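Residue numbers (the working numbering), protein chains in the order written: chain A, 1 to 546; chain B, 1001 to 1186. In this text, a Cβ means the ideal position worked out from N, Cα and C, and glycines have one as well. These numbers come from a predicted model, not from an experiment. See below for the structure under consideration.
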Amino acid sequence: MTRAFQLSAIWLFTAGALLASATATPAKQAWVMRFDLDWEVASGLPEKAMLVSLQGLANRDEARLYIIHPPEFQWEITEPLYDFYKRKHDISFTEIATADEALGQFKSAAKGYVVWDRTIGASLNVAFTIAGLEDAVVVSKDLIPLAESHGLKKIDDLRGRYTGHTDAEIYGDAIKRYWSRCNRDKIMLMGGHRGRVMMPGMADWGVREKMFFHDLSADPNEADELALNRSLLEDLNLGSIVFGWHPYGKDTEEQSTMLLSMYGLKMEGLHNLPNLSYNCQFEFTPGFKFNNNHHVALDAKLVAEEKVYMTFVQSDSIGIGVWTKPGRGKLPFAWQVTMNWTDFSPAALEYFHESATPNDYFIGGLSGPGYMYPNNIPKDRFPVLMGEAKGMMKILDQHVMEIMDNSVADGNVGNADLFKETVDAYYEAFPNVLGFINGYGPARTRDLRDSRPMLSYDYYIDPKRPRDQVRDDLNELIALNSKRPYFLLVHVRESNDVNSLVEIVDNLEGPIEVVALDEFLKLAASKKTYKTRFRQPGDPEHFKGY
Amino acid sequence: MVSPHSPQMKALHIRILAIALALPLAVVAANPDFNGRWRLDAAHSAALDGWTAMDLSIEVIGAKVAIGHDMRWRSSRVTETNVVNTNKPVEIPNYFRIDQRHMAVYAPKKSVTPVTAEWLDEDRALRVEAIVPVEVSQGDAVIRIYSEYRLAEGGETVTLIELHSTRNRPLIYVFRKLSSDDTSRP
């Protein structure tokens, strides 16, 4: 009996322990929804707009709602990051299948709803602004019954208010009504896709943070919109961040980024960057520390041989590029990290870090503690901003700063060069980096001071360019730059695949060595076969500025 | 000393006469079918890089051939014309080459390009050879660009075959003729 009791007791204890383990309360309970790729105003957008506004409200006090997008969505890593939260933060997610379920779960986070006008795109941005200020979900006419079925009351209705009005008139009115109550450290440039498709995937963050939403143009030809845009930027606090992206078709990325840089503001895109309201609430996991895959020490001295040294960099911020595609790790690759994710998305940074191969090397950028065009940053703001950047680079264990100024370029072609004064300012601000790289498309800013080279891209790989042409282009550059060593810095545009690059490298002519970026810069410091050059008067200028 | 009536001098005179006769022939022999505007057939051409569309215009005026390029990149347009001469070498300031704009290979601010040209194959092809100065990251360099404009039977297609001294495979661009009343731009 005693033995039988003992065995039973042991069995019961073991079974109880297993049961307790299986049903253990997770560190946090959260919910997850899966979106499809339909962002058409006429079909998929209204429900998604409602859900992201609800997400912003639901996540205001704690991280509760996460959205997974298909792998084809521009921001590719929502699913891997979801797995990361489960694995590293012990989050137990409950899947929500419908908008009805989502409203049922989170309706207490909302005080009501605001109706936008599907025929007036700007009214959606005004509705998002109201949503943040009044704790409302944004609904189109068709979704009113659903919202009301969950007890939500109408807070505002924009139908008819802006009929026949220009965007300048609409936002002028919105500024008068709401700007005084909005966040002055952050603003949401909810541009990107316009017209038939809109993709406000970042709206959750703007709603959570009570930002003013707009898609005002930065094009001088849109004088009314530009004036309003400038009035908002002028009214932000020093060092603020502009979230989102410029409006396609209204202005250009170059105009938009140049304008905010002139105010010393930082850009953090995209308009469809999802889940920031969720991601911002996590810290790095306990004990986590960034250890970059350095190939050379900061004080190392290398000597270049008589050959072609080549290295690849992907900017565009990791997460919208080839990170999740096959082939990563086969070649040394440098990845430009959006450094201020240390504040807004630490888990994403930790995910990238833990999934890096030895060939993945992280660098800082873009131009500073956000996306900025440094030729245009006010002189008194430059040291402050670069001080921020240095702090983030230290946390992220980064030794290289990537710079880009496309203010007078024409997309990814044209003049992407830095004035000598700008180069001087970088050398002064970053005495301890290994070097700098510049450009997006090719550029011709080059220098070497003490052991820190500044090199520009000699080639930009357009993902649509046939691979045999890419090979011939690279061989032509190698032929034209006939002194050895030749340092060939290549920018790999997002969505190129690494496997195709491996094949290209195998078919290049001459004594070629592909090296990691840090090694490349150290070698470039040892023998200067490149010509010093800065942006010069008379260089082409596509955009004449403000 | 060679006598003015010697067989060698006779041969020389004959050659000079032949050249003299041939010169005006070369001037008038240019195939009129080349004249006009030509639009790039992107599907059958080497991929442009940093350009989204291109038209050629060709105008033969005596020994001179004006080769115009109407290039488009998004909303930006560039129009440049090289005037070559089939009778003599010329030096062309700021010669326009169809550049791969994602390569750090730049036209110098001021440059002069030696260019030769001639009609070939019973005037169904125009050869243009240019020694083009460029600026690259290591400084100044040159590309010898051999271009052949071949007119297809029927006169509706021109194929441009472009060979670089720095590139082992040619770039081939196919153009279709635009009707004379077509005023569209690429």
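Original post:
Would a C-beta distance cut-off of 8 Å place D224 of chain A and A168 of chain A closer than the cut-off?
Top reply: Mapped onto the first sequence, residue 224 of chain A falls at position 224. Mapped onto the first sequence, residue 168 of chain A falls at position 168. In this structure, D224 of chain A lies near A168 of chain A, with their beta-carbon atoms less than 8 Å apart.
Subject >> Closest by C-alpha distance to G201 of chain A, when choosing among A:P466, A:W39, A:K28 and A:G287 >> reply: Residue numbering aside, residue 201 of chain A sits at position 201 when the first sequence is read from its first letter. Taking only the C-alpha atoms, the option nearest G201 of chain A is A:W39.
Subject >> Three-state secondary structure (DSSP) of L1021 of chain B >> reply: What you label residue 1021 of chain B is simply residue 21 of the second sequence in a count that begins at 1. Bear in mind that the predicted position of L1021 of chain B carries a pLDDT of just 42, short of 50, making it too unreliable to give a figure here.
Original post:
Can you find at least 3 beta carbon pairs, one from the stretch 260-270 of chain A and one from the stretch 225-234 of chain A, that sit closer than 8 Å?
Top reply: Yes: at least three Cβ pairs fall under 8 Å.
Original post:
Nearest-angstrom Cα distance between A1026 of chain B and K420 of chain A?
Top reply: Counting from 1 along the second sequence, the entry for residue 1026 of chain B is found at position 26. Counting from 1 along the first sequence, the entry for residue 420 of chain A is found at position 420. Bear in mind that the predicted position of A1026 of chain B carries a pLDDT of just 44, short of 50, making it unreliable; the figure below should be weighed with that in mind. Computed Cα separation, rounded: 53 Å.
Original post:
Any chance the stretch 246-253 of chain A sits against the stretch 185-194 of chain A, with 3 or more Cβ pairs inside 8 Å?
Top reply: As far as the Cβ criterion goes, the stretch 246-253 of chain A touches the stretch 185-194 of chain A, which means the pair count is three or higher.
Original post:
Starting from H1069 of chain B and walking both ways along the beta strand (DSSP E), at which residues does that stretch end?
Top reply: To locate residue 1069 of chain B, count along the second sequence from 1; it is residue 69. Note, H1069 of chain B: beta strand (DSSP E), K1064 to W1073.
Subject >> 7 Å Cβ shell around V1174 of chain B - same chain, five flanking residues per side excluded >> reply: Numbered from 1 along the second sequence, position 174 holds the residue referred to as residue 1174 of chain B. D1041, H1044, S1045, T1157 and T1159, listed in sequence order.
**OP:** Rank B:V1132, B:E1059 and B:D1140 by C-alpha distance to the C-alpha of D1033 of chain B and give the top, closest one.
**Re:** Position 33 of the second sequence holds residue 1033 of chain B. Nearest of B:V1132, B:E1059 and B:D1140 to D1033 of chain B, Cα basis: B:E1059.
Original post:
Leaving out five residues before and five after A1104 of chain B in sequence, what residues of the same chain have Cβ atoms less than 8 Å from its Cβ?
Top reply: The count along the second sequence starts at 1 and reaches residue 1104 of chain B at position 104. Around A1104 of chain B: V1136 and S1137.
Original post:
Skipping 5 residues on each side, what residues in its chain have a beta carbon closer than 7 Å to that of R1212 of chain B?
Top reply: The question about residue 1212 of chain B has no answer here: the residues shown for chain B are numbered 1001 through 1186.
Subject >> Coarse secondary structure for G551 of chain A, derived from DSSP in three states >> reply: With chain A covering 1 to 546 only, the question about residue 551 of chain A has no answer from this structure.
Original post:
If you draw a straight line from the alpha carbon of A334 of chain A to that of M386 of chain A, how long is it in whole angstroms?
Top reply: For this step, residue 334 of chain A is matched to residue 334 along the first sequence. For this step, residue 386 of chain A is matched to residue 386 along the first sequence. If I take the Cα positions, the gap works out to 21 Å.
**OP:** Would you mind telling me which residues of chain A sit closer than 7 Å to S1076 of chain B, beta carbon to beta carbon, in chain order?
**Re:** For the purposes of this step, residue 1076 of chain B is identified with residue 76 of the second sequence, where counting begins at 1. Under the 7 Å cutoff, chain A gives D410 and H542.
Original post:
Taking the Cβ atom as the reference point for each residue, do E541 of chain A and V408 of chain A lie within a distance shorter than 8 Å?
Top reply: Numbered from 1 along the first sequence, position 541 holds the residue referred to as residue 541 of chain A. Numbered from 1 along the first sequence, position 408 holds the residue referred to as residue 408 of chain A. For the 8 Å CB-CB criterion, E541 of chain A and V408 of chain A form a contact.
**OP:** Quick one: grab the DSSP three-state call for M491 of chain A.
**Re:** Taking the first residue of the first sequence as 1, we reach residue 491 of chain A at position 491. According to the sequence as given, residue 491 of chain A is His; it is not Met. Strand.
Original post:
Does the pairing of the stretch 119-138 of chain A with the stretch 84-95 of chain A give three or more beta-carbon distances under 8 Å?
Top reply: Under the 8 Å Cβ criterion, the stretch 119-138 of chain A does not count as touching the stretch 84-95 of chain A, having fewer than three qualifying pairs.
**OP:** Can you give me the start and stop residues for the alpha helix (DSSP H) that T324 of chain A sits inside?
**Re:** Position 324 of the first sequence holds residue 324 of chain A. Run containing T324 of chain A: none; DSSP gives neither H nor E here.
**OP:** Under 8 Å by Cβ, that's how I've got K210 of chain A and N229 of chain A pegged, so tell me the actual separation to the nearest angstrom.
**Re:** Taking the first residue of the first sequence as 1, we reach residue 210 of chain A at position 210. Taking the first residue of the first sequence as 1, we reach residue 229 of chain A at position 229. The Cβ separation is near 19 Å, so there is no contact.
Original post:
Three-state secondary structure (DSSP) at N577 of chain A?
Top reply: Since the displayed chain A opens at 1 and closes at 546, residue 577 of chain A lies outside it and no answer follows.
Original post:
CB-CB under 6 Å to E1080 of chain B, same chain, minus the five flanking residues each way: which ones, in chain order?
Top reply: By 1-based counting over the second sequence, the position of residue 1080 of chain B is 80. Excluding its 5 nearest sequence neighbours in each direction, E1080 of chain B has C-beta neighbours in its own chain below 6 Å: H1069 and F1096, listed in chain order.
Original post:
Would you report the Cα separation of G16 of chain A and G435 of chain A, rounded to the nearest angstrom?
Top reply: Against the first sequence, residue 16 of chain A aligns to sequence position 16. Against the first sequence, residue 435 of chain A aligns to sequence position 435. With a pLDDT of 41 at G16 of chain A, under the threshold of 50, the modelled position of this residue cannot be trusted; read the value that follows with caution. Rounded to whole angstroms, the gap between the alpha carbons of G16 of chain A and G435 of chain A is 59 Å.
Original post:
Is it right to say D450 of chain A is buried, meaning 16 or more other beta carbons lie within 10 angstroms of its own, or is it exposed?
Top reply: As a first step, residue 450 of chain A is located in the first sequence; it is residue number 450 there, counting from the start. Residue environment for D450 of chain A: exposed (fewer than 16 other C-beta atoms within 10 angstroms of its C-beta).
Original post:
So is Y171 of chain A buried or exposed if we call it buried at 16+ other beta carbons inside 10 Å?
Top reply: As a working note, residue 171 of chain A is residue 171 in the first sequence. Classified as buried, Y171 of chain A has 16 or more neighbouring CB atoms from the shown chains inside 10 Å of its CB.
**OP:** Could you tell me the boundaries of the beta strand (DSSP E) in which D1140 of chain B lies?
**Re:** Locating residue 1140 of chain B in the second sequence gives position 140, counting from the first residue. Start and end: G1139 to L1151.
**OP:** Count the CB pairs spanning the stretch 460-472 of chain A and the stretch 494-508 of chain A that are closer than 8 Å, and state whether there are at least three.
**Re:** The stretch 460-472 of chain A and the stretch 494-508 of chain A touch, with no fewer than 3 CB-CB distances between them shorter than 8 Å.
Original post:
Is S1076 of chain B helix, strand or coil by DSSP?
Top reply: Here the question's residue 1076 of chain B lines up with position 76 in the second sequence. The answer is strand: DSSP assigns S1076 of chain B an E or B state.
Original post:
Once you ignore the five residues that flank V303 of chain A on each side, which residues in its own chain have a CB closer than 6 Å to its CB?
Top reply: Indexing the first sequence from 1 puts residue 303 of chain A at position 303. So the list reads S526, once near-sequence residues are dropped.
Original post:
CB E254 of chain A to CB N340 of chain A, shorter than 8 Å?
Top reply: Walking along the first sequence from the start, residue 254 of chain A turns up at place 254. Walking along the first sequence from the start, residue 340 of chain A turns up at place 340. In this structure, N340 of chain A does not lie closer than 8 Å to E254 of chain A by Cβ.
Subject >> Supposed close pair T1086 of chain B, E1118 of chain B - CB separation, criterion 8 Å >> reply: Taking the second sequence and counting its residues from 1, the one referred to as residue 1086 of chain B is at position 86. Taking the second sequence and counting its residues from 1, the one referred to as residue 1118 of chain B is at position 118. Here T1086 of chain B really is in contact with E1118 of chain B; their C-beta atoms are around 5 Å apart, less than 8 Å.
Subject >> D83 of chain A, buried or exposed, once every other Cβ within 10 Å from all chains shown has been counted against 16 >> reply: Walking along the first sequence from the start, residue 83 of chain A turns up at place 83. Note on D83 of chain A: under 16 other CB atoms within 10 angstroms of its CB, so exposed under the neighbour-count rule.
Original post:
DSSP beta-bridge partners for Y309 of chain A?
Top reply: Here residue 309 of chain A refers to the residue found at position 309 of the first sequence. Looking at the DSSP assignment, Y309 of chain A forms a beta bridge with A:F487 and A:E513.
**OP:** Figure out for me which residue from A:I241, A:V423, A:M372 and A:G151 has the closest Cα to the Cα of Q536 of chain A.
**Re:** What you label residue 536 of chain A is simply residue 536 of the first sequence in a count that begins at 1. In terms of CA proximity to Q536 of chain A, A:V423 leads the group A:I241, A:V423, A:M372 and A:G151.
Original post:
Is it buried or exposed for V502 of chain A, if we count other Cβ within 10 angstroms and need 16 for buried?
Top reply: Counting from one through the first sequence, the residue named residue 502 of chain A turns up at place 502. Burial call: exposed.
Original post:
Can a CB atom of chain A be found closer than 8 Å to the CB of V1105 of chain B?
Top reply: Here residue 1105 of chain B corresponds to residue number 105 of the second sequence, with the count starting at 1. Yes, V1105 of chain B lies at the interface with chain A (some Cβ there is under 8 Å from its Cβ).
Original post:
Which same chain residues, not among the five before or five after D185 of chain A, have their C-beta less than 6 Å away from its C-beta?
Top reply: As a working mapping, residue 185 of chain A is identified with position 185 in the first sequence. For D185 of chain A, where only same-chain residues beyond five positions count, the Cβ hits under 6 Å are N237 and S240.
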